[in-house]
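Under the working numbering, residues 33 to 407 are what the sequence shown spells out, in order. C-beta: ideal position from N, C-alpha, C; glycine also. In what follows, a single structure is set out as structure tokens and then discussed.
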Amino acid sequence: MEFRDLKAQYQALKSDIDTAIQKVINHSNFISGEPVHELEKELENYTNMKYCITCANGTDALTLAMMALHIGEGDAVFVPDFTFFSSGEIVSFANATPIFVDVDIDTFNISAVELEKAIKQIFAEGKLKPRAIIAVDLFGQPANYDKIRALADKYSLVLIEDGAQGFGGRIGNKAACSFGDIATTSFFPAKPLGCYGDGGAVFTNDDSMAEYLRSICVHGKGSNKYDNIRIGMNSRLDTLQAAILLPKLNALKNYELDAVNKSANYYTEHLKNLVKTPVVLPGFYSSWAQYTITLSNLEERNGLQSFLKTKGIPTMVYYQKPMHRQEAFDKSLYADESFHNTNTLCDTVLSLPMHPYLTIDIQDQIISCIQSYLK
Ligand SMILES: *Cc1c(COP(=O)(O)O)cnc(C)c1O
């Protein structure tokens with residue numbers, strides 16, 4: 033059994049993907065070839081954003097956002113405590129200070145109440161300049177942007193959407209990667225829209241921001257790449273990856289999002305009386321990067337995970353450790369007791385196999401093993 037079955041997806045899309053790869057090789061235009069531009073247009077259409085700038089990975093996408101916003105030393109950036117390392121790493125990498133914020137116990141996303149407390153505290157301390165909020169669309173569900181946008185406006189902060197796991201999600205008719213002043217995503221293979229290696233993208237509606245981003249992802253280019261008007265990076269999406277993403281984006285739109293939502297509903301229907309199942313807010317639509325249940329305590333979670341492993345069922349713990357406890361950050365900045373929800377979640381969450389090619393048979397097998405362990 034696969035946790036995320038990329039082989040089944042390849043079998044379903046094989047002829048389109050093989051043809052696309054061969055076409056790129058025939059043209060041998062491996063960097064910035066036509067499929068890259070075509071993909072950027074498709075992604076702009078899908079998210080209803082004016083500009084999509086593809087890049088080398090989701091972490092670079094966030095770093096490019098930091099650079100475009102000129103965030104650096106002395107700046108505070110608010111980041112959820114429960115997320116992949118990258119969301120906080122890129123803040124420190126830009127020499128700014130990540131201020132971690134506890135999350136909502138139901139949605140796993142940044143808590144608006146805790147966020148406002150943290151913003152007020154940094155203003156009151158007067159040491160760092162509050163600059164930006166990085167909201168993460170964790171496990172596929174968009175963060176609570178109505179509330180977060182209101183706080184960004186109230187305190188004049190820039191809103192960055194880390195949509196690495198959120199691509200394909202929505203609030204009403206508004207797509208993930210359209211909620212931030214800048215939004216980013218990742219095409220890491222296991223993400224809702226994944227390529228066959230590393231890839232990422234940045235989204236914005238701002239003309240001058242888009243122009244700046246296009247420059248800094250190619251060595252700070254001016255009129256061409258040998259005219260360098262600023263210090264930048266080398267962060268581009270390979271033509272091969274773009275060609276692979278085009279048929280995968282179609283599959284995502286046409287049936288994969290429906291499929292994961294069906295599977296999520298099926299899990300929830302059969303597990304809701306046994307464990308805490310994921311909560312999707314009214315009007316929100318998840319792309320189910322992960323289907324994550326919550327157990328009563330660490331022993332039960334670890335016990336269930338080991339039991340499922342003996343039955344050949346792969347599961348993952350996203351995430352084992354809160355950001356504020358990571359050795360890489362200045363831990364003296366964070367009081368462990370202000371992260372009650374994240375601390376609890378790290379001990380109790382378990383992500384089950386989830387992907388668009390999951391069958392009812394496999395789900396029944398997983399569900400009955402969970403039932404027999406917890407009874
Ligand atoms: C995967 C991920 C990233 C980083 O993406 P890469 O393409 O692996 O660099 C950033 N933020 C979140 C929330 C992620 O899940």
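Can you tell which of the options has its C-alpha closest to the C-alpha of residue i?
i: L94; options: D48, A196, V133; result: A196
i: L277; options: F219, G315, D138; result: F219
i: K186; options: F361, K152, G158; result: K152
i: V381; options: L330, T342, G158; result: L330
i: K363; options: T326, S124, P346; result: S124
i: H102; options: K407, P162, L313; result: P162
i: V168; options: L365, A360, S318; result: S318
i: S338; options: Y42, Y389, F62, Y405; result: Y405
i: S383; options: P314, S328, T309; result: T309
i: A150; options: D50, A367, S64, A242; result: A367
i: D138; options: K343, D396, V312; result: V312
i: S328; options: G226, V133, N305; result: N305
Do the CB positions of residue i and residue j come within less than 8 Å of each other?
i: T79; j: C249; result: no
i: T324; j: Y298; result: no
i: Q322; j: M265; result: no
i: L340; j: C378; result: no
i: F35; j: P174; result: no
i: H356; j: D113; result: yes
i: A97; j: G232; result: no
i: A275; j: V56; result: yes
i: V111; j: I180; result: no
i: L75; j: A283; result: no
i: F117; j: F140; result: no
i: I49; j: P279; result: yes
i: L191; j: A184; result: yes
i: T91; j: L269; result: no
Have a look at residue i and residue j and give me their C-alpha separation to the nearest angstrom.
i: N127; j: I394; result: 46 Å
i: D239; j: I214; result: 12 Å
i: P203; j: K223; result: Sequence inspection shows Ile at residue 203; the Pro mentioned does not correspond to that position. Between I203 and K223, the C-alpha separation is close to 19 Å.
i: Q352; j: T115; result: 10 Å
i: N176; j: T129; result: 23 Å
i: N373; j: E66; result: 46 Å
i: T217; j: T271; result: 17 Å
i: M81; j: T376; result: 36 Å
i: G104; j: F155; result: 17 Å
i: P346; j: L245; result: 39 Å
i: C84; j: V68; result: 11 Å
i: T51; j: N61; result: 15 Å
i: S188; j: V145; result: 17 Å
i: I53; j: Y287; result: 22 Å
i: S143; j: L365; result: 19 Å
i: D230; j: S47; result: 22 Å
Considering residue i, what are the terminal residues of the alpha helix (DSSP H) in which it resides?
i: V123; result: 118 to 125
i: I399; result: 392 to 406
i: T300; result: 289 to 303
i: P279; result: 271 to 283
i: R163; result: Counting along the chain, R163 falls outside any alpha helix (DSSP H), though it belongs to the beta strand (DSSP E) covering 161 to 168.
i: G90; result: 90 to 100
If I follow the unbroken beta strand (DSSP E) through residue i, where does it start and stop?
i: I325; result: 323 to 326
i: P112; result: 107 to 112
i: Y83; result: 83 to 87
i: P130; result: 129 to 133
i: T217; result: 214 to 218
i: S47; result: That residue, S47, is in no beta strand (DSSP E); its alpha helix (DSSP H) goes 38 to 59.
Problem - Pocket of ligand 1 (residues with CB nearer than 6 Å to any heavy atom), chain order - result: N89, G90, T91, T115, F116, S118, S119, V168, D194, A196, Q197, S218, F220, D230, G232
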